[in-house]
Amino acid sequence: MTRQSISFTKPNDDWLKNQVDKKEYSSKSELVNDLIRQARSQQVQIDWIKTKLEKAEESGFTSDSKEQILALSKSRLNG
Numbered sequence: 001m002t003r004q005s006i007s008f009t010k011p012n013d014d015w016l017k018n019q020v021d022k023k024e025y026s027s028k029s030e031l032v033n034d035l036i037r038q039a040r041s042q043q044v045q046i047d048w049i050k051t052k053l054e055k056a057e058e059s060g061f062t063s064d065s066k067e068q069i070l071a072l073s074k075s076r077l078n079g
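Structure (C-alpha cells):
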C-alpha cells in the first residue's frame with residue numbers, strides 16, 4: 001500500500017476520530033479507504049445513469065415507462 005500525507009479540517013478530523021473511537025473503524029486510514037471505495041462505487045452508478053440518459057437523448061424514444069426507468073435506476077443505485 002502506498003502512504004499519503006493529507007490534511008483535514010478540524011470538523012472532518014473530529015468526525016474521523018469519533019468514528020474510530022466508536023470502534024466503527026480501526027483507524028482513520030481504514031475509514032478513508034472505505035469512503036473512497038464508496039465514492040468509486042457511486043461514480044460507477046452515476047456514469048451508468050449518465051450513459052443511459054445520453055443514449056435516451058440521442059435516440060429520442062424509449063418504450064420503457066417512467067416507472068420502469070425509475071425502478072431500474074433505483075435498483076442500480078441500491079446495488
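In full-length UniProt numbering, the protein residues as written are 1 to 79. By construction, the Cβ of each residue, glycine as well, lies at the ideal position given by its N, Cα and C atoms.
Simplified DSSP state of residue i, which is helix, strand or coil
i	result
Gln4	coil
Range of the contiguous alpha helix (DSSP H) that encloses residue i
i	result
Glu24	Premise fails: Glu24 is in no alpha helix (DSSP H) and is neither H nor E.
Ser41	28-59
Ser73	66-77
Same chain, Cβ closer than 8 Å to residue i, neighbours up to 5 away in sequence not counted
i	result
Glu67	none
Contact set for residue i: own chain, Cβ-Cβ below 6 Å, skip 5 residues either direction
i	result
residue 155	With the chain covering 1 to 79 only, the question about residue 155 has no answer from this structure.
Ser7	none
Inter-residue CB distance, residue i and residue j (contact presumed, cutoff 8 Å)
i	j	result
Tyr25	Asp34	7 Å
Val20	Lys10	Incorrect: roughly 16 Å between the Cβ atoms, too far for contact.
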